[in-house]
Each structure stands twice: as C-alpha cells, then as structure tokens.
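Here's the structure, in structure tokens; my notes come after.
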Amino acid sequence: MTVSDPSQKHQRREHGLMLALVSPALLVILLLIVLPVGWLAWQSIYHDGFTLENYRRVFTEDIYWRSFALTFEISLAVTLIALLLGYPLAYLANSVPKAWSILILSLVVLPFWTSVLVRAYAWLALLQRSGVINQFLRYFDVISEPLALVHNSFGTVVATVHILLPFMVLPLYATMQKIPGDLMQAGASLGASPSLTFFRVFLPLSLPGVLAGCTMVFVLCLGFYITPELLGGGRTVMVSMLVSRNVELYNQFGAASAVAVVLLMSVLAIFFVVSRFISLDRVLGQK
Amino acid sequence: MMRISPARIALYAISALVLVYLILPVLIIAPISFSSARFLTFPPPSFSTRWYQQYFTNPAWMQATRVTLTVALFTVVIATPCGVAAAYAISQSKLRIMRVVHMALLLPLVVPIIITAVGIFFVYAKVGLVATMPGLVLANVMLGLPYVVISVLAGLQSFDPAQEMVARSLGMNRLRSFFAVTLPQIKSSVVAGGIFAFISAMDETIVALFISGGQYQPLTKRMFTALRDEIDPTIGAISTLMTAASFLLVLLATTRQKRKVG
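Quick note, the sequences are listed as chains A and B, same order.
Using full-length UniProt numbering, the letters of the first sequence map in sequence onto residues 1 to 287.
Using full-length UniProt numbering, the letters of the second sequence map in sequence onto residues 1 to 262.
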C-alpha cells in the first residue's frame, strides 16, 4: 500500500457517491432496455445453435422486403410532407412579434400532448366512410359516394404527419431563431429581392434545422405502430407491425427479433450519419 | 405594419391551413363525445351524455382506469427520485463515464418503442413479470426516466453549484445542503419532469399491449383493442377526459417551468 493522499481519497469518495447516485436510474435502463434489446439480438441469431436463417428470410422473402420498402416509402413521404407543411409555419412563427409566435407554437405543441390513441380515434371519426368529412361533403353535394379516406396508406400518412409535425416545426423554429435578422437586411441593402435573400441567405442557414427535423420525423416514423395499425386497414403493413405479428400471431420469435434488429440498426445508422453533420443533442431537441 | 406581398399572403394562408389541420382533430373529439349518435353526423343530432355514463358505469373501463392511474402514480414516485439523483450526478461529476451514462439514460427516446416492447416481453416472460402490476410500473419507470433527467438537467444548468459549496463549507453535509439549497431552486424542473413522466405513463400503449393482461390492463390497451375491433363511441368520452387531463397537467408543468425562468 502506498501512502494515500487525502485529496485523492476524497476524490475517490466523491466519484463513488456520484456513481451511487446514478446507479438506480442506470440499473433500470440496463435491465429494461439494454438487456431486452440484447436478448432480441441474441435470439435473432441463436436457436438450438447459431443461425443466420432469420436474417436470410428478412432479406430474401417477399413480405419482409415489401414491408421494409413500404415503411421507408411512407416515412420518406411523411418527412417530405411534414417539411413542406412545417417550414412555412416555423418561418411565420419566427417572423411575427413574440406574442404571435408564442400563440403559433402553443397551437403546434397542443396536439403533441394528446394521446396518440386519441388522435387515431379523431382521425377515424373524421375520415371514415360515415365520418365527418364525407358527411360534410355529401351534405353540400360535393360528392355523391363517400371517399375512401382511411384504412389505406392515405389515412396512415394523414394521421402520421399530424402526430410528427411538431417534431419538425420545433427544431426548425429553434434554428431560424438563431439566424441574425441583420443578414436579411444586409442582403436587402445590397439590392437583393426578398426572395433572393431568402433562397441565398435564410434557407441555407436554416438547413441544420431542416436536417434535425427531418431526421427526427423519419426515424420516429420508421418505428410507428399504433397509427398504421389503426388507420392502415391491415393492408399497410409497416415493419413494426411485422414485428408484432410475428410475435402475437405466428410465435416466430426469431423472425420478429431479426426484423427488430434490422429496424434498430437502420435507426442507429441514420443517427450516426446525421451526427457527423449536426450534434445529436439538436436532433433530440434538448438544446 | 409588415409588407404585404403575394408571398406573404401565401405564407399566411398556408400557415393557417396547417394550423387548422393540427388543431381540428383535437377540437373535434369533445363535440363527438357529447353527440347522441355513434359518430358525429352532420348536421349534428341531439346532445347527450350517454357515452360518459357508459364509461363511468362499465366495470371493465373503470378497472382499466384504476390500473392506469395506479401505474402512472407509482411511475412518478419511482422515476422522479431516480432521475433527479442521476441528473444531479451527471451535472456535478467530472467522471468521463458520465457522458456515456447520460446517453444511456436517453436510450428510451432513441430505440423504437416497438422494439423495446417486444424485448421487454421476452425478458418478462422468462422472469414471470408478464401481466403483473410491478412489471407494468417498472417498464413505465424506464420510459419516463428521460423526461425527468432532461427536465432536471435543464433546471440544474441555471443553478450555480457554488451555492451548494458554500452551504457545505458552512458545515452542512452533502445531503442536507442538497435538500436545503439545491432542491428548492430546481423544484419546478423536478415537478415538471415528474408531470411529464406521469403523462408518459398515462399515454403509454405499445409496451402495455405486449406485457399487460388479465385484470392489469391499462386504459390505453383496452382503447386500442376497442378501436381495432369495432369503434366503440365510449372511446370519444374517454378521449375527451384524457385530453382534458393531460392539457391540465401540461399547463401545470409549463407554468411551473416558466416561473423558474421569469
């Protein structure tokens, strides 16, 4: 034993205390998310011996392949629509006086605090054959036959965009707010038209927000379950539904695990790529 | 007055439409729930509270409500102190590993919930926690932790740790100085974090779909099944009540956070 330095001893106690404080939360995370996900990964490659059969099926069988393709398509569509709807709204919120921007942002986050189930119910009530929109249109003789607005990809996309739009608007607004107003004025004073300053100055400066918002929306959409299950009408089988069906209906735990692992890897890969461009804190909306 | 250009008018129009799209579904729930028809028919028929009566007199819905509230309450009671302790340690410690810990605590926000749900189901099946109350609470504690950690870390950012040092140099021990000096100043973030954890537990559906069963099924699981099989108008009433409850809680949480800032 060497002679222990009192300050070193103190520091060791300090470190010990901090680790003790963090351990209950960490234990919960380790037991309930790290262990389960590790279990899934293990189960996907091990069944009475090591096997890659589950992955072979995921990558070669038609249903799996189609489902992954559909999920990416829908996520891409949802992300683009959310960007197209969210950008003008964030822009407006950024360019009006404070009181108005608070009002706009409150309206944006208001649905955010409504349960996803409640909103699925609301969309069913609005979009069904006998729903509000169809009845409204028929009452005013716009249509004679009810439109098929739900139990298909259309209904899924409409409701999913509705749920994910706040995740687009908030990072966009946060980024836009940091763009100095002087830059626009400088552009204008140099003779550029408002649209030119927007496209040459404002838009490029807002791209980190676009990237953060798009990443969040895309990644969240990849794993969506409730909305496609309730509004997709069974035909829009997204990856998450593949996972749940393999568990609940077919007892194919290995296949479910493999699908889950591929989904998780896709999400992590996206986060990894994006983190090379912007800080992940920005994507997760902490700062 | 701002310059009114065609582009500006288009901007206002698009934004107004997007806001209607965002708000309409939330606003439509309450009128539907008070309509006597199974769905809001247009023009609306008579006013009725029959779906509320159905909710409050149905033992299955009431049992599910009790389960939801119990789970949410226990979640807050467990997740809040764990999250506060972790956030405090993360903000105070200079240990390199704390960055990893911080990231780990945010994992529930990153991993797609369906994967978490299936994973927990497999683990619970092994240890016999499926369809039990402790199993349900534990899963919700895990899911609620990030909200507490994020909220409390934000609160601690505007708190000067030197104050706690002063208290300790004056002879208070660490624990007492935390409760006497630090906690009162970050109280609003702690409360806000707790409220967010409560809402998260109240709304959680996907994990519950896999791991709950028997008499311990929360409201969301029964709602999901009811919505999938055949739309029961009682859900309109439940949705309205749930929405009102979470709006009230959010209002409470945000006003508390604002008071901290202002």
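Virtual Cβ for every residue (Gly too), placed ideally from N, Cα, C.
Note that the structure is a prediction, hence the values are computed from the model and not measured.
Rounded distance between the beta-carbons of residue j and residue i, thought under 8 Å
| i | j | result |
| --- | --- | --- |
| A/Thr71 | A/Leu222 | 6 Å |
| A/Leu92 | B/Leu11 | 6 Å |
| A/Leu284 | B/Leu156 | With 8 Å as the limit, A/Leu284 and B/Leu156 do not qualify as a contact, their Cβ atoms being about 18 Å apart. |
| A/Val28 | B/Gly119 | With a Cβ gap of about 14 Å, A/Val28 and B/Gly119 do not count as contacting. |
| B/Ile231 | A/Leu127 | The pair is not a contact, with the Cβ atoms about 12 Å apart (cut-off 8 Å). |
| B/Ala72 | B/Arg222 | Contact flag wrong, Cβ pair sits at about 15 Å. |
| B/Ala253 | B/Ala192 | 4 Å |
| A/Leu89 | A/Val169 | 6 Å |
| A/Val78 | A/Thr160 | 5 Å |
| residue 288 of chain A | B/Pro25 | As shown, chain A starts at 1 and ends at 287. That puts residue 288 of chain A outside it, with no answer to give. |
| B/Arg228 | A/Glu229 | 7 Å |
| A/Tyr44 | A/Ala258 | Rather than Tyr, the amino acid found at residue 44 of chain A in this sequence is Ser. About 4 Å separates the two Cβ atoms, so the contact holds. |
| B/Leu219 | B/Thr68 | 4 Å |
| B/Ala104 | A/Leu183 | That pair is no contact at about 39 Å. |
| A/Gly232 | A/Gly155 | 7 Å |
| A/Ile81 | A/Ser153 | So it is not a contact: roughly 12 Å between Cβ atoms. |
| B/Gly205 | A/Leu117 | Residue 205 of chain B is actually Thr in this sequence, not Gly. 6 Å between Cβ atoms; contact. |
Inter-residue Cα distance where the pair is residue i and residue j
| i | j | result |
| --- | --- | --- |
| B/Ser158 | A/Arg235 | 50 Å |
| B/Ile29 | A/Ala122 | 6 Å |
| A/Pro6 | B/Met172 | 20 Å |
| A/Leu32 | A/Ala256 | 18 Å |
| B/Ile32 | B/Ile238 | 11 Å |
| B/Leu248 | A/Glu14 | 41 Å |
| B/Val101 | A/Ser23 | 9 Å |
| B/Phe210 | B/Ala117 | 6 Å |
| B/Arg168 | A/Leu30 | 33 Å |
| A/Tyr46 | A/Arg57 | 15 Å |
| B/Val130 | B/Ala7 | 57 Å |
| B/Val18 | A/Ile63 | 35 Å |
| A/Arg138 | A/Leu149 | 14 Å |
| A/Arg200 | B/Thr49 | 57 Å |
| B/Val77 | B/Glu164 | 25 Å |
| residue 264 of chain B | B/Arg99 | With chain B represented from 1 up to 262, any question about residue 264 of chain B goes unanswered, as that position is not in the structure. |
| B/Leu153 | B/Ser188 | 12 Å |
| A/Asn94 | A/Ile278 | 21 Å |
| A/Arg119 | A/Thr175 | 28 Å |
| A/Ser115 | B/Met242 | 8 Å |
| A/Gln8 | A/Phe272 | 38 Å |
| B/Pro161 | B/Thr132 | 42 Å |
| B/Lys260 | B/Leu251 | Confidence at B/Lys260 is low in this model, with a pLDDT of 45, below 50, so the placement of that residue is unreliable and no value is reported for it. |
Span of the alpha helix (DSSP H), counted from its first residue to its last, around residue i
| i | result |
| --- | --- |
| B/Ala117 | Ile113 to Val127 |
| A/Asp281 | Leu280 to Val283 |
| A/Phe167 | Ser153 to Gln177 |
| B/Arg8 | Pro6 to Ser33 |
| A/Lys9 | Pro6 to Ile29 |
| A/Ala192 | Careful: A/Ala192 lies outside any alpha helix (DSSP H) and carries neither H nor E. |
| A/Asn134 | Val132 to Tyr139 |
| B/Gln217 | Per DSSP, B/Gln217 belongs to no alpha helix (DSSP H) and is neither H nor E. |
| B/Val101 | Ile97 to Leu105 |
| B/Thr68 | Pro59 to Gln92 |
| A/Trp123 | Val116 to Leu127 |
| A/Glu229 | Ile226 to Leu231 |
| residue 307 of chain A | The structure shown does not extend to residue 307 of chain A, since chain A spans only 1 to 287, so no value can be given for it. |
| A/Ser106 | Lys98 to Val109 |
Residue i - DSSP class collapsed to helix/strand/coil
| i | result |
| --- | --- |
| B/Ser151 | helix |
| A/Ser44 | helix |
| residue 273 of chain B | Here chain B has residues from 1 to 262 only, and residue 273 of chain B is not among them. |
| A/Ser144 | coil |
| A/Phe253 | helix |
| B/Phe198 | helix |
| A/Phe218 | helix |
| A/Phe277 | coil |
| A/Phe50 | strand |
| B/Ser189 | helix |
| A/Pro88 | helix |
| B/Leu170 | coil |
| B/Met142 | helix |
| A/Ala269 | helix |
| B/Gly135 | helix |
| A/Leu35 | helix |
| A/Lys287 | Bear in mind that a pLDDT of 37 at A/Lys287, under 50, signals an unreliable position, so the model cannot answer this. |
| B/Pro184 | helix |
| B/Lys260 | Per-residue confidence for B/Lys260 stands at a pLDDT of 45, beneath the threshold of 50, marking its modelled position as unreliable; the derived number appears in the next sentence. Three-state result, B/Lys260: helix. |
| B/Ile231 | coil |
| A/Asp182 | helix |
| B/Asp160 | coil |
Residue i CB to nearest heavy atom of the ligand SAM below 6 Å
| i | result |
| --- | --- |
| B/Met103 | Looking for the ligand SAM in the displayed structure turns up nothing, as the structure carries no ligands at all. |
Problem - Contact set between the stretch 109-127 of chain A and chain D, restricted to residues whose Cβ is under 8 Å from the partner - result: This model lacks chain D altogether; the protein chains it does include are A and B.
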